[in-house]
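FYI, the numbering for the sequence shown is 8 to 403, going by the numbering used here. Here's the structure we're looking at; comments come further down.
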Amino acid sequence: MKHDKDIKKVHPGRDGAVFINSDRLGGYSFSPEHPFRPERVKMVHEMCERRQLLSGNGVRVEQVEEIEDGLLERFHTKEYIDLLREAGRCGEIGVEMLYHGLGTMENPIFMGVYDFAALSVTASVRGARIVAEEGVSAFNPCGGFHHAHRDRASGFCYVNDVVIAIEELLMLDARVAYLDVDAHHGDGVQEAFYDDPGVMTLSIHESGKTLFPWGGFEKESGGPGAEGYNINIPMLSDTDDEIFLFLFRSIILPALDAFGPDIVVLQAGTDTFATDPLTHLKMTNNGYIDAIGSLHAAFPRILALGGGGYNMADVVRGWTLLWADLAGIQLDSGYGGALGGVLMGDASIDGSDLRDMQVYTTGPAKEELRKYSESLVARFEKEVQPLLKRSGATGR
8 MKHDKDIKKV HPGRDGAVFI NSDRLGGYSF SPEHPFRPER VKMVHEMCER RQLLSGNGVR
68 VEQVEEIEDG LLERFHTKEY IDLLREAGRC GEIGVEMLYH GLGTMENPIF MGVYDFAALS
128 VTASVRGARI VAEEGVSAFN PCGGFHHAHR DRASGFCYVN DVVIAIEELL MLDARVAYLD
188 VDAHHGDGVQ EAFYDDPGVM TLSIHESGKT LFPWGGFEKE SGGPGAEGYN INIPMLSDTD
248 DEIFLFLFRS IILPALDAFG PDIVVLQAGT DTFATDPLTH LKMTNNGYID AIGSLHAAFP
308 RILALGGGGY NMADVVRGWT LLWADLAGIQ LDSGYGGALG GVLMGDASID GSDLRDMQVY
368 TTGPAKEELR KYSESLVARF EKEVQPLLKR SGATGR
């Protein structure tokens with residue numbers, strides 16, 4: 008998919024934000040043992056509601072309960088869509104489904120799986136239209152399914168709502184950049200736009216040497232004619248907030264500034280946090296929200312989509328902080344330090360302080376992380392920034 012960079016601008020932007028909510032989406036279950044739990048959508052909404060974060064200041068909730076037809080076909084093959092629809096009707100596994108990633112432990116078949124997938128896409132596309140047409144930010148917590156491929160489910164993702172939402176924004180004449188802060192590399196989105204200089208894709212994630220989907224290395228920088236427009240920042244195990252923020256400020260913000268998007272689509276996974284059971288990083292929600300705050304200050308129109316996160320307390324606190332930032336609401340709670348904060352992963356997610364206690368990697372391990380991160384920045388400055396300058400991506 009290639010898109011012209013010389014396009015008109017969307018709504019110039021204004022204060023406010025829209026929370027995309029769906030009671031239906033929060034009611035599904037992959038299986039009792041599956042780490043992905045859709046009920047977190049309800050939990051985040053309830054937390055924001057209890058803290059009075061869903062009204063005033065140009066803020067509103069947009070309910071999405073009905074599927075919009077024709078959206079999945081914008082990216083996925085007819086054969087795959089038909090198989091997914093059949094799986095959702097019968098709830099049984101067929102051999103052909105397995106060839107397309109359906110019915111595995113990662114992507115189990117359950118009654119209503121097609122409706123769950125199609126409704127999540129509808130919610131993300133609704134958010135895309137709101138951001139483009141109203142000029143506010145929007146957040147769909149049941150989105151960010153960045154591993155799904157054109158004809159295959161993968162990594163808990165049945166359909167790629169991210170790609171379809173970006174395509175919607177492109178049809179609305181927006182210049183779009185995609186930023187993925189999930190611990191897992193956004194391989195499905197990279198694949199979709201790898202040859203397209205009209206969309207910049209950035210993913211900062213745990214290295215594929217230690218985590219699914221086993222790719223997303225720094226040398227994957229874009230196809231012919233799009234070199235420099237796909238930027239991967241693979242982080243080593245035990246990366247903490249300090250290293251993450253150094254990489255964010257040294258690579259991500261300069262790259263986005265060079266590209267000059269109207270809208271940033273943010274995959275906002277929280278599985279980078281130290282207590283996540285599936286990953287190996289040592290971040291907290293302090294580094295996470297500091298990075299998102301910097302992003303939002305520079306690029307006020309953000310479509311934020313959910314993503315990974317398998318410690319429910321992490322997810323709820325992290326996304327509540329994210330929503331408050333998008334909505335421009337100042338929370339009373341500050342950093343979790345010696346005199347405050349909650350234990351990371353603490354099941355008591357309704358306490359007064361949403362911020363985690365700080366966690367740092369120290370000693371020789373920290374020095375190794377520092378040297379490695381400096382090498383990533385040096386490579387970006389030497390090999391990627393010149394490509395962006397030569398291609399004409401010269402900022403807003």
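Here a beta-carbon is modelled for each residue, glycine too, at the ideal position from N, C-alpha and C.
- DSSP links Ile-211 through a beta bridge to Ile-240.
- Taking the Cα positions, Gln-337 is about 43 Å away from Leu-109.
- Scanning its chain for C-beta atoms nearer than 6 Å, with the 5 sequence neighbours on each side dropped, one finds around Ala-172 the residues Ser-131, Val-132, Ala-135, in chain order.
- The Cβ neighbour count for Leu-105, taken over all protein chains shown within 10 Å, is under 16; the residue is labelled exposed.
- When secondary structure is reduced to three states using DSSP, Ala-24 falls in the strand class.
- With contacts defined as CB atoms closer than 9 Å, Gly-235 and Leu-394 qualify as a contacting pair.
- Using a Cβ-Cβ distance cut-off of 8 Å, the segment 243–260 and the segment 289–305 are in contact, since at least three pairs of beta carbons, one from each stretch, lie closer than that value.
- Bounds of any beta strand (DSSP E) do not take in Tyr-165, whose DSSP letter is neither H nor E.
- Contact between Glu-69 and Val-25 holds: CB atoms are separated by about 5 Å, below the 8 Å threshold.
- Straight through space, the alpha carbons of Glu-46 and Pro-39 are spaced by roughly 12 Å.
- Relative to the Cα of Met-290, the nearest Cα in the group Leu-328, Tyr-317, Trp-326, Phe-251 belongs to Phe-251.
- From the listed residues Asp-180, Pro-204, Pro-241, Ser-228, the smallest Cα separation to Trp-221 is found for Pro-241.
- Distance between Gly-95 and Met-118, taken at the CA atoms: about 5 Å.
- Contact holds between the segment 319–333 and the segment 51–69, because three or more Cβ pairs, one in each stretch, are under 8 Å apart.
- Listed in chain order, the beta strand (DSSP E) elements of length 3 or more contained wholly in the segment 39–105 are 66–70.
- For Phe-146, the enclosing beta strand (DSSP E) covers residues 144–147.
- According to the DSSP assignment, Ile-137 belongs to the alpha helix (DSSP H) that extends over 120–141.
- By the neighbour-count criterion, in which 16 or more other beta carbons inside 10 Å mark a residue as buried, Arg-31 falls on the buried side.
- Around the Cβ of Glu-99, a 10 Å sphere holds fewer than 16 other Cβ atoms; the residue is exposed.
- For the pair Val-271 and Val-183, the CB atoms are nearer than the 9 Å cut-off.
- Here the C-alpha atom of Thr-368 lies approximately 10 Å from the C-alpha atom of Glu-375.
- In the structure shown, the three-state DSSP call for Val-366 is coil.
- Looking at the DSSP output, Tyr-185 bridges to Thr-208, Val-272.
- Using a Cβ distance threshold of 9 Å, Gly-276 and Gly-223 do not count as a contacting pair.
- Going by beta carbons, Val-66 and Asn-28 fall outside the 9 Å limit.
- It is roughly 12 Å from the alpha-carbon of Ser-228 to the alpha-carbon of Arg-386.
- A direct Cα-to-Cα measurement between Thr-327 and Ala-155 gives close to 26 Å.
- With a 10 Å radius around the Cβ and a threshold of 16 neighbouring Cβ atoms, Arg-324 comes out buried.
- The DSSP-derived three-state label of Ile-116 is coil.
- Just so you know, the alpha carbons of Ser-380 and Leu-209 end up roughly 16 Å apart.
- Apart from the 5 residues on each side of it in sequence, Lys-216 sits with its Cβ closer than 8 Å to the Cβ of Pro-241 in its chain, given in chain order.
- Burial is judged here by how many other beta carbons sit within 10 angstroms of a residue's own beta carbon; Ser-382 has fewer than 16 and is exposed.
- The beta carbon of Leu-361 sits closer than 7 Å to the beta carbons of Arg-324, Thr-327, Leu-328, Leu-338, Ser-340 from its chain, once the five residues preceding and following it are set aside; these are given in chain order.
- When C-beta atoms of the segment 137–144 are compared with those of the segment 82–95, fewer than three pairs fall below 8 Å, so the two segments do not count as touching.
- Rounded to whole angstroms, the Cβ separation of Thr-111 and Ala-190 is 20 Å, and the two are not in contact under 8 Å.
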